[in-house]
Structure formats: structure tokens, C-alpha cells
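If you count the sequence shown from 1, you need to add 601 to reach our numbering. The C-beta atom is built at its ideal place from N, Cα and C for all residues, glycine as well. Values in this document were obtained by computation on a predicted structure and should not be read as measured data.
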Amino acid sequence: MEKGETLGGPEVAQALDQHYGTPGLLLTLWELAAGDPTQFRERYRRYMTLEAEAVSMWHYAVSALPGLLQTGGYARDLLSVGGSSDDELTRHVQARVGRRELLDGDDAPRFRIILSEAVLRTPLADAGEWREQLEHLVTMRDRPHVMVQVVQQQRGLHALTNTDTMFLRLPDGRTVAWVETGYSGELVEETAAAERLQLSYDLVRDLALSPVASRKFIRQLFEEASCEPST
Numbered sequence: 602m603e604k605g606e607t608l609g610g611p612e613v614a615q616a617l618d619q620h621y622g623t624p625g626l627l628l629t630l631w632e633l634a635a636g637d638p639t640q641f642r643e644r645y646r647r648y649m650t651l652e653a654e655a656v657s658m659w660h661y662a663v664s665a666l667p668g669l670l671q672t673g674g675y676a677r678d679l680l681s682v683g684g685s686s687d688d689e690l691t692r693h694v695q696a697r698v699g700r701r702e703l704l705d706g707d708d709a710p711r712f713r714i715i716l717s718e719a720v721l722r723t724p725l726a727d728a729g730e731w732r733e734q735l736e737h738l739v740t741m742r743d744r745p746h747v748m749v750q751v752v753q754q755q756r757g758l759h760a761l762t763n764t765d766t767m768f769l770r771l772p773d774g775r776t777v778a779w780v781e782t783g784y785s786g787e788l789v790e791e792t793a794a795a796e797r798l799q800l801s802y803d804l805v806r807d808l809a810l811s812p813v814a815s816r817k818f819i820r821q822l823f824e825e826a827s828c829e830p831s832t
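See the structure below:
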């Protein structure tokens, strides 16, 4: 930490606050450095802090890609329909694309995502930007610490059909979950509740295509989109 090579953890910032008599100040600065949470709405701050600490992550996407896998074009369209506009939109897009850095580098956490087929069947208005997003998914899948799987619609209803969920495995061995809609989110830290959600995730994973078959599925969609005339 003294050499600027690591941020340490929030418990270190809290201990330093106590030692120097600066209650909350150093912890706040740590949060800013760890995830720049000021660019996101207040309710995400705790989640963003934990996400920066996670050693592995598992996600199930109901209808949209998570920020960690979004291209700039995808983020812009999604945030636009959510009500962001003008300068606010530009800031939010930059912040969201910046989060992708979490999956870069040798120390990046292991990341598994299970995509509902609906995510891949909902294209962007701009065909070129949609192809770019699909290609980015295939590229991310080639990283050794990233696993992408797809649950086809023909598998029917399942335990997470309408529950967009991210699980974070923390350095102390705990697993917490973030359950989200387009308008709100809930951080689940209570062990029993998080375990129930994780059991549901495991059941959905059993329904998903294998990683190899999922890659072929996404590649096929990319090829189909490439054959369609641009508008």
C-alpha cells in the first residue's frame, strides 16, 4: 500500500481511520479508488465496493448483458432507454465501459455468466453495433478466466427466470448476492438467503448449454447478424 501497488481492503482503511482519528474519511477515499462509486447511484455503492474485492463472480442475465460485458454502443442504448440523456449519458457510458477493466489483468477474478437466450435475441437498433457486441462476447469467452453459457428458451421456466443475479465470492470465503431489476437492486449478505439463491443458480447451470456449445451458439448469431443488411 505504501508503494501504491495495492489498495488493500476496506478493513485496513477503517483501521487507519481509527488510528489517525479520521472517522470515515480514509474509508471513503478507499471506496472512490476501488470502484469510483460516485459515478453510480447511491444504492450501488456497497455492491461496487464488494465487487472490487471479489475473487470470483457468477452471474445470471435475464434480459440484458451486465455492465462487465457491455460495449460502448450497448451501454449507450441501454442507458438511453433507462432515461439518461446528454452529458449524464456520456458520463454513465464511460463509467460502465470502465468497469470492464475489472476482468483485465493477471489478477482478474474468475467470472462465469449464464445468459438467457432472450439476451441474445434482443438486438440493438444499429446492426453494426450489435455485431460488435456479439463479437465482444465471443472474444471475452476466449479468456481463460471467463466462462459464458447460454440457457435456451426451449428449456422453459426455471428458478431464475425473472431474477437477474450476481454472486460475489469474497476473500474471506463469504458469498453475497446482488439481485436486480431495471429500477432497483438488493444486496443479499445473509448466508442462508445467499445459499438458497446459489442453489437456484446451480440448477439453472444444469439446464445451460456447455461452454463450447454456447460459444458456437453466439458465433452463429454473430454470423446471422453479419449477413443481414445494415440499415
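Heavy atom of the ligand FAD within 8 Å of residue i beta-carbon
i	result
Thr650	The model on display carries no ligand, and the ligand FAD is accordingly not part of it.
For residue i, the first and last residue of its enclosing beta strand (DSSP E)
i	result
Tyr661	Ser657 to Ala662
Ala778	Thr776 to Glu781
Gly786	Gly786 to Val789
Expected contact under 8 Å - CB spacing of residue i and residue j to nearest Å
i	j	result
Val780	Glu791	In fact, because the Cβ distance is near 12 Å, the residues do not count as touching under 8 Å.
Trp659	Arg713	5 Å
Leu690	Arg677	7 Å
Thr762	Phe768	Wrong, their Cβ atoms sit about 17 Å apart, outside the cutoff.
Ile715	Gln671	The pair is not a contact, with the Cβ atoms about 17 Å apart (cut-off 8 Å).
His759	Leu808	6 Å
Val594	Arg770	Because the chain spans 602 through 832 in this model, residue 594 falls outside it and cannot be assessed.
Reduced DSSP secondary structure (H/G/I, E/B, other) of residue i
i	result
Arg742	helix
Arg711	strand
Arg722	coil
Gly673	helix
Asp678	helix
Thr650	helix
Phe641	Here Phe641 scores only 41 on pLDDT, less than 50, and its place in the model is too uncertain to base an answer on.
Asp705	coil
Asp773	coil
Leu735	helix
Asp618	helix
Ala665	coil
Gly729	helix
Buried or exposed (CB count within 10 angstroms, at least 16 for buried), residue i
i	result
Val752	buried
Pro667	buried
Glu652	buried
Gln754	exposed
Asp687	exposed
Gly674	buried
Leu810	buried
Arg700	buried
Tyr648	buried
Arg740	It should be pointed out that residue 740 corresponds to Thr in this sequence rather than to Arg. It counts as exposed.
Arg692	exposed
Tyr802	buried
Thr782	exposed
Pro638	Because the pLDDT at Pro638 is just 43, under 50, the model does not fix this residue reliably, and the value given afterwards should be weighed accordingly. By the neighbour-count rule (16 or more Cβ atoms within 10 Å), Pro638 is buried.
Identified DSSP bridge partners for residue i
i	result
Gln750	Ile715
Phe768	Trp659 and Ala778
Continuous alpha helix (DSSP H) stretch holding residue i: start and end
i	result
Gln755	Neither: Gln755 is in no alpha helix (DSSP H) and is coded neither H nor E.
Ser815	Pro812 to Cys828
Leu808	Thr792 to Leu808
Asp688	Asp687 to Gly699
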